[in-house]
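Here the structure comes first, spelled out in structure tokens, and everything after it is commentary.
Residue numbers (this note's numbering): 0 to 653.
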């Protein structure tokens, strides 16, 4: 019993010593349970390893008076070794399993039901992938000869996986810059359809959003939906004022389903990024993050209502040729969106020639509208596929579903205009300058190679007689990615929007020349900026920006001349003026110094441990060997400090 009590007391003392020494010497705070585990192991090594080995001569007898100082020194060395050994295990533990990698034990049973549901769904998704033969694709084994078969399997798997994965497939079907044509064709077949929610449930949601019974809000409300998708369904209604509206109702539980599946998609994206080269080349992590952000906005109808209001206001200012539905914000919330009903038919099923309309004129009008949204409004429809376009009864085009929009500030709009001008002039260096000016580029950019690649691209796709197609956008993105130039996501959204729009334009007019029309539009923008009124506005903007500088210039010139005249003019150059830079350099110097000292102490300790001569502390242990072990402990502590700093910094950066 006494031995057990002494062991517990020793472990407690060792734990306290390790906690104090680790905090002071390693500058790291570890969790209590880690400290207890390594303290028990360190104490065990000391109690059952070092102590019997070093104190072997005194196991059967007491030390003499001459041997007492040596025995005490060995005891001290043994007790100091225990916390040092514990710190070694702490640093190794931190390197293998960083702090925070495993959730605290107190949280293991919190949200257990959520984790079980997520795991069950994760296994279900993996089972669907395996059933459709996608296991090889997930592991990185992908063969071009199997692309057609793999594309069909991917479509069927996404269709079986449900709402979120169907939406992912629909978005991927518009990313012709990323996927081969066979995948685009297959994914375009995905239909976002579902069984409708009962009318009574939809009525309750509408009444909750409006804050009044449905009969008080609408003169007529059709409980049977005209369309039902996996996230929402659409009802027709008429307000008491006679306005025809559509009511978009989110399905109950859709938001929770989306969040659960987005977590699965994020995990799959991390796995593909880690284990497949094609996943890294396609930036599946960035694609997953962008998809998650877009889908969360699509689920929240307040976002679409805000987008519709902003776009409608912009259209009114410039008297747009197309129409967008006006939202009724007072009748809407995150689950219900009430908006104007545009009279017309979807563009995919419309037959313009039967009305005497010219497809080329409609396509040109649609392209002008999209460029106006991009260049003038700064907010544009980011998903203009045929299902979101309508041919209205007044022969105008209507744009619906503004759940996903792109936004460009003034600087990015100017950069996009510079891109259009460079394309119009067939100017490879000018196009490179326009792209590099707003992009994140590598430290060593092959600018000449980049300019030549862009010049070759324009010579193939942007000359008279060339048939522009989706390959043009695909090749442009590949050139940008090959030179490791990362364009802003807002500008990338513009290119993706134009790539998506190209399919609508050719559906209206198979011979539509997108490049020629885009050049004409770009020239009109350039001519508009050269008009006297536009030049005057530009000059006034620049003068307004320069006025604060011009006001201060005379005083600054006077001070400068006075300093020159009095001989007091000086130039100060402060190296490492920022505190962060000073801290970084200081940390480097500390690590270098500790590494050198640890290496020197380690070499000296090895030399001393290998020396058999010198005063004897015990029959088999000399004073020089004692000094060698002491130096080895000191070297270990200094090396541990360097390693702990490296591993903890890596954990913070991760």
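Here a beta-carbon is modelled for each residue, glycine too, at the ideal position from N, C-alpha and C.
For clarity, every value in this text was computed on a predicted model and none was experimentally measured.
Exercise for the section: Tell me whether residue 14 is buried or exposed, calling it buried when 16 or more other Cβ atoms sit within 10 Å of its Cβ. Expected result: Position 15 of the chain shown, counted from the first residue, corresponds to residue 14. Residue 14 comes out buried.
Exercise for the section: Would you list, in sequence order, the uninterrupted alpha helix (DSSP H) runs of no fewer than 4 residues that lie entirely inside the segment 255-297? Expected result: 276-280
Handout entry: Beta-carbon proximity list for residue 257, same chain, < 8 Å, skipping 5 on both sides
Key = Residue mapping note: residue 257 aligns to position 258 of the chain shown, counting from 1. 162, 163, 230, 294, 295, 298.
Practice task
Give me the Cβ distance between residue 414 and residue 484, rounded to the nearest whole Å; I'm assuming they're in contact under 8 Å.
Solution key: Within the chain shown, residue 414 is the residue found at index 415, counting from 1. Within the chain shown, residue 484 is the residue found at index 485, counting from 1. That belief does not hold up - the Cβ atoms of residue 414 and residue 484 are roughly 13 Å apart, past 8 Å.
Practice task
Report, in whole angstroms, the separation of the C-beta atoms of residue 336 and residue 247, which I expect to be a contact under 8 Å.
Solution key: Within the chain shown, the letter at position 337 stands for residue 336. Within the chain shown, the letter at position 248 stands for residue 247. About 4 Å separates the two Cβ atoms, so the contact holds.
Practice task
Decide yes or no for the touch test of the segment 589-598 against the segment 624-631: beta carbon pairs closer than 8 Å, at least 3 of them.
Solution key: no
Practice task
Please report the residue range of the alpha helix (DSSP H) in which residue 428 lies.
Solution key: The residue given as residue 428 occupies position 429 in the chain shown. Segment 427-436, the alpha helix (DSSP H) holding residue 428.
Exercise for the section: Give the single residue among 366, 184, 292, 340 whose Cα lies nearest to the Cα of residue 507. Expected result: Mapped onto the chain shown, residue 507 falls at position 508. Of 366, 184, 292, 340, the residue nearest in Cα terms is 366.
Handout entry: Rounded straight-line distance, which links the Cα of residue 305 to that of residue 329
Key = As a position in the chain shown, residue 329 is number 330, starting the count at 1. As a position in the chain shown, residue 305 is number 306, starting the count at 1. Going from the Cα of residue 329 to the Cα of residue 305 covers about 12 Å.
Exercise for the section: Whole angstroms is fine: what's the gap from residue 284's alpha carbon to residue 290's? Expected result: If you number the chain shown from 1, residue 284 lands on position 285. If you number the chain shown from 1, residue 290 lands on position 291. Answer to the nearest angstrom: the Cα atoms are 10 Å apart.
Problem - According to DSSP, residues forming a beta bridge with residue 235 - result: Stepping through the chain shown from its first residue, residue 235 is reached at position 236. Residue 235 pairs with 245.
Practice task
Leaving aside the five residues before and after residue 634 along the sequence, list all residues of the same chain whose C-beta is less than 7 Å from its C-beta, in chain order.
Solution key: If you number the chain shown from 1, residue 634 lands on position 635. So the list reads 597, 600, 601, 604, once near-sequence residues are dropped.
Practice task
Output the residue ranges of the beta strand (DSSP E) runs that lie fully inside the segment 194-236 and measure 3 residues or longer, sorted by chain position.
Solution key: 217-220
Practice task
State the start and end residues of the unbroken beta strand (DSSP E) segment that holds residue 398.
Solution key: Position 399 of the chain shown, counted from the first residue, corresponds to residue 398. Per DSSP, residue 398 belongs to the beta strand (DSSP E) from 396-398.
Problem - Endpoints, beta strand (DSSP E) assigned at residue 406 - result: Reading the chain shown from its first residue, position 407 is the one you call residue 406. Element bounds for residue 406: 404-406.
Problem - Residue of 381, 171, 237 minimising C-alpha distance to residue 489 - result: Working through the chain shown from its first residue, we reach residue 489 at position 490. Checking every option, the nearest Cα to that of residue 489 belongs to 381.
Handout entry: Host beta strand (DSSP E) of residue 339 (start-end)
Key = As a first step, residue 339 must be located in the chain shown, where it is residue number 340. Per DSSP, residue 339 belongs to the beta strand (DSSP E) from 335-339.
Handout entry: Contact belief for residue 264 with residue 120 at Cβ below 8 Å, rounded distance in angstroms
Key = Sequence index remark: in the chain shown, residue 264 carries index 265 (1-based). Sequence index remark: in the chain shown, residue 120 carries index 121 (1-based). No, residue 264 and residue 120 are not in contact; Cβ-Cβ is about 11 Å, not under 8 Å.
Practice task
Check whether the Cβ atoms of residue 417 and residue 431 lie closer than 8 Å to each other.
Solution key: Reading the chain shown from its first residue, position 418 is the one you call residue 417. Reading the chain shown from its first residue, position 432 is the one you call residue 431. For residue 417 and residue 431, no; Cβs fall outside 8 Å.
Problem - Residues of its chain near residue 410, where Cβ-Cβ distance is below 8 Å and the 5 sequence neighbours each way are ignored - result: Numbered from 1 along the chain shown, position 411 holds the residue referred to as residue 410. For residue 410, where only same-chain residues beyond five positions count, the Cβ hits under 8 Å are 437.
Practice task
Identify whether residue 345 lies in helix, strand or coil by the three-state DSSP scheme.
Solution key: Within the chain shown, residue 345 is the residue found at index 346, counting from 1. Residue 345 falls in the strand class under three-state DSSP.
Exercise for the section: Would you mind stating whether residue 496 and residue 405 have Cβ atoms separated by less than 8 Å? Expected result: By one-based count along the chain shown, residue 496 stands at place 497. By one-based count along the chain shown, residue 405 stands at place 406. Cβ atoms of residue 496 and residue 405: closer than 8 Å.
Problem - Exposure of residue 641, with buried meaning 16 or more beta-carbon neighbours within 10 Å - result: Reading the chain shown from its first residue, position 642 is the one you call residue 641. The residue is buried, with at least 16 neighbouring Cβ atoms inside 10 Å.
Problem - Own chain residues within Cβ distance below 6 Å of residue 638, not counting five before or after - result: Here residue 638 refers to the residue found at position 639 when the chain shown is read from its first residue. Here the set comprises 597.
Practice task
On a CA-only basis, which of 219, 226, 340 is nearest residue 238? Give me that one, please.
Solution key: Taking the chain shown and counting its residues from 1, the one referred to as residue 238 is at position 239. Nearest C-alpha to residue 238: 219.
Practice task
Could you tell me whether the segment 305-315 touches the segment 353-360, using the rule of 3 or more Cβ pairs below 8 Å?
Solution key: no
Handout entry: Continuous beta strand (DSSP E) stretch holding residue 378: start and end
Key = For the purposes of this step, residue 378 is taken as residue 379 along the chain shown, with counting starting at 1. Where residue 378 is concerned, the enclosing beta strand (DSSP E) stretches over 378-380.
Practice task
Evaluate the contact criterion for the segment 153-161 versus the segment 117-133: three or more CB pairs, one atom per stretch, below 8 Å.
Solution key: yes
Handout entry: From 343, 344, 371, 149, residue whose alpha carbon lies closest to that of residue 316
Key = As a working mapping, residue 316 is identified with position 317 in the chain shown. Per the Cα distances, 371.
Handout entry: 8 Å Cβ shell around residue 184 - same chain, five flanking residues per side excluded
Key = In the chain shown, counting from the first residue as 1, residue 184 sits at position 185. Cβ neighbours of residue 184 beyond the five flanking positions: 150.
Exercise for the section: Assign residue 326 to one of three DSSP states: helix, strand, or coil. Expected result: In the chain shown, counting from the first residue as 1, residue 326 sits at position 327. The answer is strand: DSSP assigns residue 326 an E or B state.
Problem - Extent of the continuous alpha helix (DSSP H) run through residue 374 - result: Counting from one through the chain shown, the residue named residue 374 turns up at place 375. Looking at the DSSP string, residue 374 is not in any alpha helix (DSSP H), and its letter there is neither H nor E.
Practice task
Classify residue 621 as helix, strand or coil using the three-state DSSP reduction.
Solution key: By 1-based counting over the chain shown, the position of residue 621 is 622. In the structure shown, residue 621 sits in a strand (DSSP, three-state: E or B).
Exercise for the section: Whole angstroms is fine: what's the gap from residue 195's alpha carbon to residue 475's? Expected result: To locate residue 195, count along the chain shown from 1; it is residue 196. To locate residue 475, count along the chain shown from 1; it is residue 476. About 42 Å.
Handout entry: Local conformation of residue 662 per DSSP, three classes
Key = The structure shown does not extend to residue 662, since the chain spans only 0 to 653, so no value can be given for it.
Handout entry: the segment 383-393 in contact with the segment 338-352 per 3-pair CB rule at 8 Å
Key = yes
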